[in-house]
Every structure is written in C-alpha cells, then in structure tokens.
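**Student:**
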Amino acid sequence: MKSLFHVISILLIGLLTACQDNMTLTYNNGSISSLSSIKISDGARIAILSDIHVMHPSLLVNDGTAFQNYLAQDPKLLEYSAQILEATISKLITQKPDLVLVAGDLTKDGELISHEFVSKQLQRLVSHGIKVLVTVGNHDVNNPEAAKFDGDKVYPAENVPADKIRSIYPNFGFANSLSKDPNSLSYVNEPIKDLWVIAIDANEYYNNKLKSTIGGIIKNETMAWIKERMADAKQKGKTVIGMMHHNLIEHYYGQSVIDTGYVVNNSETVANELMEAGLKIIFTGHYHANDITKREHNGKFIYDVETGSTLNYPCTYRMLTIKGHKYSFSPQTTTDLMPSVMGMNFDTYAKAFLSAHLDGYFAYLLTMAKGVPSSYATQFAPWYRAGFMAHCMGDESPTSDLATQTATLNALDPSGQLSGILGAFWTDINTPDNTVTLDLKTGAAY
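In terms of my numbering, the sequence shown is numbered consecutively and its last residue is 447.
(1) Below 8 Å on the Cβ atoms is my contact criterion, and I expect Asp-52 with Leu-366 to pass it. Report the Cβ-Cβ distance as a whole number of Å.
(2) When you compare only the Cα positions, how much space is there between Val-161 and Asn-143?
(3) Where does Met-245 land, buried or exposed, given buried means 16+ other C-beta within 10 angstroms?
(4) Determine the closest residue to Ile-90 out of Ala-225, Thr-334, Asp-75, with distance taken between C-alpha atoms.
(5) Starting from the C-beta of Gly-44, find all residues in its chain whose C-beta is less than 8 Å away, skip the five residues before and the five after it, and write them out in chain order.
(6) Would the beta-carbon of Lys-327 fall within 8 Å of that of Tyr-304?
(7) Over the uninterrupted alpha helix (DSSP H) stretch that includes Ile-422, give me the two end residues.
(8) Where DSSP assigns a beta bridge to Pro-332, which residues make up the other side?
(9) Do His-54 and Lys-77 have their C-beta atoms within less than 8 Å of each other?
(10) Should Thr-407 go down as buried or exposed, given a rule of 16 or more other Cβ atoms within 10 Å for buried?
(11) Across the region 194-212 and the region 390-407, are there enough close Cβ pairs to call them in contact, namely three or more that are closer than 8 Å?
(12) Note the first and the last residue of the continuous beta strand (DSSP E) segment covering Lys-149.
(13) Kindly list the residues whose CB is nearer than 6 Å to the CB of Asp-182, restricted to its own chain and excluding five residues on each side of it in sequence; keep chain order.
(14) Can you grab the Cα-Cα spacing for the pair Leu-338 / Val-306, in whole Å?
(15) Given this structure, state the Cα-to-Cα distance separating Asn-431 from Ala-234, to the nearest angstrom.
(16) With a cut-off of 8 Å, does the C-beta of Gly-372 fall near any C-beta of chain D?
(17) Can you list, in chain order, the stretches of the alpha helix (DSSP H) that have 4 or more residues and sit fully within the region 222-293?
(18) Tyr-207: buried (16+ other C-beta within 10 angstroms of its C-beta) or exposed?
(19) Report yes or no: do three or more beta-carbon pairs, one from the region 394-409 and one from the region 104-118, lie closer than 8 Å?
(20) What did DSSP end up calling Asn-177 once you bin it into helix, strand or coil?
(21) Among Val-133, Glu-159, Gly-105, whose alpha-carbon lies nearest the alpha-carbon of Ser-59?
(22) Go to Gln-385, then tell me how far its beta strand (DSSP E) extends in each direction, as first and last residue.
(23) Using the DSSP secondary-structure output, state which residues sit across from Ile-430 in a beta bridge.
(24) Between the alpha carbons of Tyr-314 and His-289, how many angstroms are there, rounded?
(25) Does the beta-carbon of Ser-178 have 16 or more other beta-carbons within 10 angstroms, so that it is buried, or is it exposed?
(26) In the DSSP assignment, the alpha helix (DSSP H) including Ala-104 goes from what residue to what residue?
(27) Tell me which same chain residues have a C-beta within less than 8 Å of the C-beta of Asp-22, skipping the five on either side of it?
(28) Please report the straight-line C-alpha distance between Tyr-28 and Phe-175, rounded to a whole angstrom.
(29) Name the two residues that bound the continuous beta strand (DSSP E) containing Ala-200.
(30) Quick check on the burial criterion: 16 or more other C-beta atoms within 10 angstroms. Buried or exposed for Leu-439?
(31) Is Ile-193 helix, strand or coil when you go by DSSP?
(32) Taking Cβ to Cβ, would you say Thr-317 is nearer than 8 Å to Pro-332?
(33) In the DSSP output, which residue or residues are listed as bridge partners for Lys-324?
(34) Roughly how many whole angstroms lie between the Cα atoms of Ile-422 and Asn-204?
(35) With burial defined as no fewer than 16 other Cβ atoms inside 10 Å of the residue's Cβ, what is the status of Pro-374: buried or exposed?
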C-alpha cells in the first residue's frame, strides 16, 4: 500500500491520464504425498487466501514510535497477524476444503522467523488432510526491510534469499511439483487429479536494495516455460488454474497509472499471451482488495480473481466451489473468531484502524503534494478513504455524495486530476466481486 500514496502524490502534482531446467519430481511425503482420491471432474472446494503478512510476535519487542512509524507508511493489523492466521487455519480446518491456495505476501517483510511460523501453521492444514499450495509476494524474498521493533529503535532481522524458499515450504507446492521454472520460483503442481495449478513468480526481489521492489514482471524465459506447461496440460487433458501475487489485469480504470507496481508489467500483452496459451482464470492478491475483472481478446477471455488481505478490513478470503466449468465464489472472514480490541468487536476495530490511517494518508498528501489548504485536505481525505475502502470490499457502488464531491474537487482543480482518482476508486469493472459464479466455458458471470 505504500506505493499507492507515493504515486497519488505524483498524480496530484499533475500525472493522471484518461494501465534450473525443467524438472519433474515424484510425489514425496508432505502436503501432497500422492494424487488426491478425487478428480477435478468430480468437483472441488478451494479456499483462496492472499497477503497474510505474518509478523512473528517476537519481532515486536515493545510497541513504540518505530513500529507506529512503520504502520503510518503501510497500515496493516500486523500486531494481530499471527493470531489472525491461527484463527483462519482453525476455520479452514472446520470448513474442510480440498485445497488451500495462498497467493503471496506470506510475511511482513520476509523475516525468516515469520516464514517458519507460516510454514508451521500451514502444516496444521496438512495434518487434517487439506492440501496447500503457496507462492511468494514482493514482501517475502531478499527483503532488506526485515526488522525487529523495540520502542523507538529498529533492528535488522534475518531475511530469506530466493534459494531458501523451497526448503521452508517444501510441502506446499515446491518439493512435489511436476515442473519447476529454472528462472524463477514458478512451478506446476497437480493437487487434485487432472487439475494443474501454475504458480507464477513475477516478483523482482533480485532488484531489492534498500527497499523491496513493489512491481512485478514475468520474464521472457518464464513466459516460455508457462506456455510449454500449458501445451503439456492441453495435450494431457488437464484443467489449469493460475496463481500469481501481482494483478494480471487492471481492477479499476487507470490503475496502472494511478498506482504503479500492482499490475504486472506489460499487463495487456502478458494477459493476451496467457489467454492464447489457454489459461482462463488466475488468482491474484497484492492490492488487498476483493475484486474480479475480465479481459477479452480475439474471442478468448481470462478472469483475474483478486483476493483481499486477512490483515486489512474486511479481513477476507474466498471459498471456491468448482463444478465442471462453473466456478462459484463466496466471501469468508475470520474477524468473528477474533477477540474484541479496545472495547470493539474485531470487525469494527479493523475498519476503524484502516479508516483512521487512510484519512491521515490522504490529508497529508493533499496538503504536501498539491498544496491544498489543510482545512480542505481534512475535508476531502475521508472521500478518498471511502472510495478506496469501497474498492477493497468489492462490488463498489457510488454513494449519492459522489457527484457533489466531484464538483467540489473540480472547482478546486479544474484539470480533473483529483476527481479522476476518486471516481476510479468507485468504478467497478464488468464483474461482480464477491458472491459470483464464473462460467469458464462461455465467459459469463452471474
């Protein structure tokens, strides 16, 4: 989320415009010790999580200015992240899906101790016969921002290089994969008979220096590997679903300009190539929003099903039921399993936490980047916060106040830059976002 406010500050100044060798392994002990007894033709239930951002409790020695300054730049419920994951795992055990997918940003900032905690918690699912596949996000690998907080002090924490990820998560897709991309942490796994999951690593952790790189790119070599795997799947009659941390397609108009780094580089070309290869659906995260969008090209289509973060309101994940070519989604939450905080139920607290931080962000940026008088910035900030949170919740529907807010912003900024950003947040693109069925034969959504 840090990129959002950095880039919007640029926009407010004047930017906005009108987006190893392949190897096949035998299945070993772990999360997928053998092919499932069910076949995808029988149907399946799949839980989809993203952006769990676990911060091991030992990394917060004492709360203080150092930790609060971090949250001011990147607000998440990090203090409760381990507890939220434990609650989520417990709920999933009762729901008994056939498979759990986790689409990256497994940790706060790639701390080894956080990765080890996540792996241990995911093993609880395995112990109950639930298969798990993960991919990494921009926070997870070679991250120089891995840290421990103690009052007003920040200390470096041990992070994880790319070549260690597979050894931390061997039972969750890596060690028992059908094929590994030698140029990234991408892999193919068959957790359910005749269902292939292509986990695509588009992260740029190899460029990390002082901070983690937010953006993503699918290397040419990785794209060639994906196309080969898709051809294999077609020849063998496999159903294929994709998983990637970065968004494949824009989830609101102008997202690639308004908020760089969240949609994969060259997204239209990449999406077209994946469509041509036969991929019809991909599960993503990164933006902490529940949103589904669709791209069509040359008579083909692909859906990008983005899942929000368990650490940002509304603290959700998805449950997918597959029956033939129909993929039905329903939203899930873990806030009802969490204890109250500061006299509020956890759902109310999570909403208040994010609202307060976003109001501060937007007020600061309007004042410092555009020179909006502080009294106006304080007035306008909740408008942007409401629009952004509506997008994160999905199925956004503009309030009756939007027209008045737009007119007010245009009076102050005739260029339409300020109102354009606000309108983009409130504009839902072409597909229901939460409770919806996608027909992967016809492309219909209902």
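Cβ atoms here follow ideal geometry from the backbone N, Cα and C, with glycine treated the same way.
**Tutor:** From the atom records:
(1) Contact flag wrong, Cβ pair sits at about 23 Å.
(2) Val-161 and Asn-143 have their C-alpha atoms some 5 Å from each other.
(3) Met-245 should be labelled buried.
(4) When only C-alpha atoms are compared, the closest one is Thr-334.
(5) Within the same chain, Cβ atoms closer than 8 Å to the Cβ of Gly-44 are found at Thr-322, Ile-323, Lys-324, Gly-325, the five residues on either side in sequence being excluded.
(6) It is not a contact, given that the beta carbons lie outside the stated cut-off.
(7) Run containing Ile-422: 418-427, per the alpha helix (DSSP H) assignment.
(8) For Pro-332, the pairing in a beta bridge is given by DSSP as Arg-319.
(9) With respect to Lys-77, His-54 sits close: the two C-beta atoms are nearer than 8 Å.
(10) Buried.
(11) Result no; under three Cβ-Cβ pairs closer than 8 Å.
(12) Run containing Lys-149: 148-151, per the beta strand (DSSP E) assignment.
(13) So the list reads Thr-223, Trp-226, once near-sequence residues are dropped.
(14) A straight-line Cα-Cα distance of about 25 Å links Leu-338 and Val-306.
(15) So the two alpha carbons sit approximately 29 Å from each other.
(16) In the displayed structure, chain D is absent; only one protein chain is listed.
(17) If we require 4 residues or more, the alpha helix (DSSP H) runs fully inside the region 222-293 come out as 256-259, 268-278.
(18) Exposed, because fewer than 16 other Cβ atoms sit within 10 Å of the Cβ of Tyr-207.
(19) Not touching, per the Cβ criterion.
(20) Collapsing the DSSP output to three states places Asn-177 in coil.
(21) Answer by Cα proximity: Glu-159.
(22) Rather than Gln, the amino acid found at residue 385 in this sequence is Tyr. Looking at the DSSP string, Tyr-385 is not in any beta strand (DSSP E); the run it does join, the alpha helix (DSSP H), is 375-394.
(23) None, per the DSSP bridge assignment.
(24) Computed Cα separation, rounded: 9 Å.
(25) It counts as buried.
(26) Segment 100-104 is the beta strand (DSSP E) holding Ala-104; no alpha helix (DSSP H) there.
(27) Below a pLDDT of 50, predicted positions are generally treated as unreliable, and Asp-22, at 35, falls in that range; no measurement from the model is reported.
(28) Reliability of the predicted coordinates at Tyr-28 is poor, the pLDDT of 30 falling under 50, and no value is obtained from them.
(29) Annotation: the continuous beta strand (DSSP E) that includes Ala-200 extends over 196-201.
(30) Flag for Leu-439 reads buried.
(31) Correct three-state label for Ile-193: strand.
(32) In contact: Thr-317 and Pro-332 (Cβ atoms closer than 8 Å).
(33) The bridge partners DSSP lists for Lys-324 are Lys-327.
(34) Computed Cα separation, rounded: 26 Å.
(35) By the C-beta density criterion, Pro-374 is exposed, having fewer than 16 other C-beta atoms within 10 angstroms.
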